Amino acid sequence: MIWRSVDLRRTALRTLLQLQLNMAASTFCPVLLPLSRINCKLNGIYTLILLNKTAAYSTGLSVKKTGAKTGLPQRGGKELRRQIKQVLQPRTERMAVDQDWTAVYPTAASFKADAVPLPVRMGYPVKKGVPPSKKGNLELLKIPNFLHLTPNAIKKQCEALKPFCTEWPAALDSDEKCEKHFPIQVQKKDYVFAGPSLRHPDARIVTLTVKLSSLNLDDHARKKMIKLSGERYNKDTDTLTITADSCPLKQQNHDYAMYMLTVLYHESWKIEAWEKEKTRADMEEYVWEDSPSQKNILETLLRIRPLSEQQEEGEVREELLGREEVQEYKDSVTKLKNEGETEGNMQQYKEAVKKLLSI
Amino acid sequence: MCWIIFFFKLITVIEEPDTLFQTLTVLVKGHDKAVLDSYEFLASMAAKELGLTLAKVSEPPKNIERLTLLKSVHIFKKHRVQYEMRTHFRCIEISKVTGSTAQVYLEYIQRNLPEGMAMEVTKTPFIYMRSFSNSDVSVFHMLKPDSV
Numbered sequence: 001m002i003w004r005s006v007d008l009r010r011t012a013l014r015t016l017l018q019l020q021l022n023m024a025a026s027t028f029c030p031v032l033l034p035l036s037r038i039n040c041k042l043n044g045i046y047t048l049i050l051l052n053k054t055a056a057y058s059t060g061l062s063v064k065k066t067g068a069k070t071g072l073p074q075r076g077g078k079e080l081r082r083q084i085k086q087v088l089q090p091r092t093e094r095m096a097v098d099q100d101w102t103a104v105y106p107t108a109a110s111f112k113a114d115a116v117p118l119p120v121r122m123g124y125p126v127k128k129g130v131p132p133s134k135k136g137n138l139e140l141l142k143i144p145n146f147l148h149l150t151p152n153a154i155k156k157q158c159e160a161l162k163p164f165c166t167e168w169p170a171a172l173d174s175d176e177k178c179e180k181h182f183p184i185q186v187q188k189k190d191y192v193f194a195g196p197s198l199r200h201p202d203a204r205i206v207t208l209t210v211k212l213s214s215l216n217l218d219d220h221a222r223k224k225m226i227k228l229s230g231e232r233y234n235k236d237t238d239t240l241t242i243t244a245d246s247c248p249l250k251q252q253n254h255d256y257a258m259y260m261l262t263v264l265y266h267e268s269w270k271i272e273a274w275e276k277e278k279t280r281a282d283m284e285e286y287v288w289e290d291s292p293s294q295k296n297i298l299e300t301l302l303r304i305r306p307l308s309e310q311q312e313e314g315e316v317r318e319e320l321l322g323r324e325e326v327q328e329y330k331d332s333v334t335k336l337k338n339e340g341e342t343e344g345n346m347q348q349y350k351e352a353v354k355k356l357l358s359i
Numbered sequence: 001m002c003w004i005i006f007f008f009k010l011i012t013v014i015e016e017p018d019t020l021f022q023t024l025t026v027l028v029k030g031h032d033k034a035v036l037d038s039y040e041f042l043a044s045m046a047a048k049e050l051g052l053t054l055a056k057v058s059e060p061p062k063n064i065e066r067l068t069l070l071k072s073v074h075i076f077k078k079h080r081v082q083y084e085m086r087t088h089f090r091c092i093e094i095s096k097v098t099g100s101t102a103q104v105y106l107e108y109i110q111r112n113l114p115e116g117m118a119m120e121v122t123k124t125p126f127i128y129m130r131s132f133s134n135s136d137v138s139v140f141h142m143l144k145p146d147s148v
């Protein structure tokens, strides 16, 4: 039973190859798809299967035209047998070394062992053996291949894409210039993935960053803005970060972030009535004027050189405060209080005190 | 048979100003490191061919998600089986791109994204004075006069 079907297949193959070769010789077009509709007198199913297989590509073989159009192959045709043998061999045997690979794999396609002339081996090796060869290797089929993206192919495709690109303006060559002209930065994210839906929930998030030094703020406005932003302000980099994610669409979140920035700005410029009641405890940084340190130093200096009756206390105060040593002392104390205790700060304080008390 | 070739305009130039991106970060995720390596080669070569500046190509550390399940359907609590899912990353950062070039590059990259890989693109565009969104125009009065 099996023997008979093989025999039938072989004869069917011979006939159809003859047909195909004749067709290829007589017409110039390499497209052989219409062949599938030819009514063959042989076993129906087998013929169709074989036609699909052989019609995948043109053989490009030169064939001698036989006299009969749809005649049966001649018995013992050496030429025909050789041609059939060539077609049954894998395509890799007939590939030239300098062929155009982009024609073999123009688009993404699965790995075809008969079309890739590389001795690839993939898979876990058998005991005391080697990884299985490429013929019928499922591992090579499963993994995505980049055979359609060789360096040549990438170059060709990029050459074709180049006309659609635009150049970066030459005036914005450094980071500082970009920051100077475009201080507000908005960060948005897009996602490409496979899933039941195209939408990614995090795609709506918009992050706005701006440096406060680039905004038009005076001292009071800057301090108020920092207080209003709270956690969103980074002292080290002087950046305010506003993240908007409450709206469902990206554009809405972008608008909301811009609105938040505008509101913060205008609110920080306003001076409310209750802001007059700001105490020393609310101050962001240490201020030397009217501090216990100032009072102490004035008292000490007055004790060193007691007040004579002609001079008034107010004048003496002004004069003392205006002195260089007092100014130095003031700087060192402010530094200590604001920046914390470091070697340099302590040294500076020591020198200032020594100078002041003329030790 | 003679072939008639039709010429048609592929490129149209619009009056609208091109967006400018300060940075364009492409983060690719996958389960196979070899595929990620090949994709990185593709992305960096494409960037070079199109004339883009590759600021950084880095490999963030992989993320392994492990779970322990019972080996058997019923009882045998002491015998379990462990699975893990490894996600490898690759980060490609491109600085100073125009909108058109970014669109071309991203489309090329995304069309050649292999199966089983995901991508996250972070864009940082510059906000223009001449932008068409009302919210953007309102922001510019807040900036210092010498900056814009």
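So the protein lines, in turn, are chains A and B.
Here the first sequence stands for residues 1 to 359, numbered as in full-length UniProt numbering.
Here the second sequence stands for residues 1 to 148, numbered as in full-length UniProt numbering.
Where is the CB? At the ideal position from N, CA and C, for every residue including glycine.
The structure presented is a predicted model; accordingly, all values stated were derived computationally and were not measured.
Using a Cβ-Cβ distance cut-off of 8 Å, determine whether residue i contacts chain B.
i	result
residue 161 of chain A	yes
residue 357 of chain A	no
residue 343 of chain A	no
residue 354 of chain A	no
residue 348 of chain A	no
Name the chain A residues whose beta carbon is nearer than 8 Å to that of residue i?
i	result
residue 11 of chain B	163 and 164
residue 19 of chain B	Correct list: empty, because the minimum Cβ distance to chain A is about 10 Å.
residue 42 of chain B	146, 149 and 154
Taking only beta-carbon atoms, is residue i less than 8 Å away from chain A?
i	result
residue 57 of chain B	no
residue 14 of chain B	no
residue 85 of chain B	no
residue 22 of chain B	yes
residue 144 of chain B	yes
residue 54 of chain B	no
residue 81 of chain B	no
residue 73 of chain B	no
Who are the neighbours of residue i on chain A, taking C-beta pairs under 9 Å?
i	result
residue 94 of chain B	Those do not exist, as residue 94 of chain B stays about 11 Å from chain A at its closest Cβ, beyond 9 Å.
Please compile the residues from chain A whose C-beta is within a distance smaller than 7 Å of the C-beta of residue i.
i	result
residue 49 of chain B	154, 155 and 158
residue 38 of chain B	146
Sorry if obvious, but does the Cβ on residue i come closer than 7 Å to a heavy atom of the ligand GTP?
i	result
residue 238 of chain A	Absence of the ligand GTP is noted for the structure shown, with no ligands found whatsoever.
Output, in chain order, the set of chain B residues within a Cβ distance shorter than 9 Å of residue i.
i	result
residue 193 of chain A	29, 117, 118, 119 and 120
residue 167 of chain A	51, 98 and 101
Find the residues of chain B that neighbour residue i, judging by a C-beta separation of less than 8 Å, and give them in chain order.
i	result
residue 105 of chain A	Neighbours of residue 105 of chain A on chain B: none; closest Cβ ~13 Å, over 8 Å.
residue 261 of chain A	139 and 142
* To do: Would you check if there are 3 or more beta carbon pairs closer than 8 Å linking the stretch 86 to 93 of chain B to the stretch 15 to 28 of chain B?
  => Segments in contact, yes.
* What are the uninterrupted segments assigned as alpha helix (DSSP H) that are 4 or more residues long and contained completely in the stretch 14 to 102 of chain B, given in chain order? -> With a minimum length of 4 residues, the unbroken runs of alpha helix (DSSP H) contained wholly in the stretch 14 to 102 of chain B fall at 33 to 49.
* Below 8 Å, can you find three or more Cβ-Cβ pairs linking the stretch 288 to 308 of chain A to the stretch 317 to 336 of chain A? -> With the cut-off at 8 Å, the stretch 288 to 308 of chain A and the stretch 317 to 336 of chain A touch.
* Asked: Do the stretch 206 to 219 of chain A and the stretch 242 to 255 of chain A meet, that is, are 3 or more Cβ pairs less than 8 Å apart?
  -> Touching, yes, given that three or more Cβ pairs across the two stretches are closer than 8 Å.
* Can you list, in chain order, the residues of the stretch 170 to 191 of chain A whose Cβ is nearer than 7 Å to any Cβ on chain B? -> So the list reads 178, 180, 181, 182, 183, 184, 185, 186, 187, 188, 189, 190 and 191, given in the order they occur along the chain.
* Asked: Going along the chain, which residues of the stretch 129 to 153 of chain A sit with their C-beta nearer than 8 Å to a C-beta in chain B?
  -> Those would be 143, 144, 146, 149 and 151, in chain order.
* Closer than 9 Å, Cβ to any Cβ of chain B: which residues of the stretch 226 to 258 of chain A, in chain order? -> For the stretch 226 to 258 of chain A, which is checked against every Cβ of chain B, the residues closer than 9 Å are 251, 254, 255, 256, 257 and 258.
* Where in the stretch 136 to 209 of chain A do unbroken runs of the beta strand (DSSP E), each at least 3 residues long, occur, reported from the N-terminal end onward? -> Every unbroken stretch of the beta strand (DSSP E) spanning 3 or more residues and falling wholly within the stretch 136 to 209 of chain A is given here in chain order: 185 to 192.
* Asked: Going along the stretch 101 to 127 of chain B in order, which residues come within less than 7 Å of chain A, judged by CB to CB distance?
  -> From the stretch 101 to 127 of chain B, only 101, 104, 108, 110, 112, 113, 114, 115, 116, 118, 119, 120, 121, 122, 123, 124, 125, 126 and 127 have a Cβ closer than 7 Å to chain A.
* Answer yes if the stretch 139 to 146 of chain A comes into contact with the stretch 102 to 117 of chain A, meaning at least three C-beta pairs across the two stretches below 8 Å, and no otherwise. => Output reads yes: the stretch 139 to 146 of chain A touches the stretch 102 to 117 of chain A.
* Would you say the stretch 62 to 76 of chain B touches the stretch 339 to 348 of chain A, given that touching needs at least three Cβ pairs under 8 Å? -> Touching, no, given that fewer than three Cβ pairs across the two stretches are closer than 8 Å.
* Asked: Can you list, in chain order, the residues of the stretch 209 to 227 of chain A whose Cβ is nearer than 8 Å to any Cβ on chain B?
  -> Listed by position along the chain: 214, 215 and 216.
* **Whole runs of the beta strand (DSSP E) within the stretch 76 to 124 of chain A, excluding any shorter than 3 residues** => Those beta strand (DSSP E) runs which fall completely within the stretch 76 to 124 of chain A and span 3+ residues do not exist here.
* Asked: Which residues, in order along the stretch 263 to 279 of chain A, keep a beta-carbon less than 7 Å from a beta-carbon of chain B?
  -> For the stretch 263 to 279 of chain A, the set of positions with a beta-carbon nearer than 7 Å to some beta-carbon of chain B reads 265 in chain order.
* Which ranges would you report for the alpha helix (DSSP H) in the stretch 288 to 341 of chain A if only whole runs of at least 4 residues count? -> If we require 4 residues or more, the alpha helix (DSSP H) runs fully inside the stretch 288 to 341 of chain A come out as 292 to 304, 313 to 322 and 324 to 339.
* contact_flag[the stretch 124 to 139 of chain A, the stretch 174 to 189 of chain A] where n(CB pairs < 8 Å) is 3 or more -> At 8 Å Cβ cutoff, the stretches do not touch.
* Is there contact here, the stretch 100 to 107 of chain B with the stretch 155 to 170 of chain A, by at least three beta-carbon pairs under 8 Å? -> Contact between the stretch 100 to 107 of chain B and the stretch 155 to 170 of chain A is present, because at least three Cβ pairs lie under 8 Å.
* **Stretch-stretch touch, CB-based, cutoff 8 Å, three pairs: the stretch 32 to 52 of chain B with the stretch 101 to 120 of chain B** => As far as the Cβ criterion goes, the stretch 32 to 52 of chain B touches the stretch 101 to 120 of chain B, which means the pair count is three or higher.
* **Three-pair Cβ contact test at 8 Å for the stretch 218 to 227 of chain A versus the stretch 259 to 275 of chain A** => Between the stretch 218 to 227 of chain A and the stretch 259 to 275 of chain A, the count of C-beta pairs closer than 8 Å reaches three or more; the two stretches touch.
* **Any alpha helix (DSSP H) of 4 or more consecutive residues that is wholly inside the stretch 233 to 299 of chain A** => If we require 4 residues or more, the alpha helix (DSSP H) runs fully inside the stretch 233 to 299 of chain A come out as 250 to 269.
* To do: Could you tell me whether the stretch 274 to 286 of chain A touches the stretch 231 to 246 of chain A, using the rule of 3 or more Cβ pairs below 8 Å?
  => Counting C-beta pairs closer than 8 Å gives fewer than three between the stretch 274 to 286 of chain A and the stretch 231 to 246 of chain A, which falls short of the contact rule.
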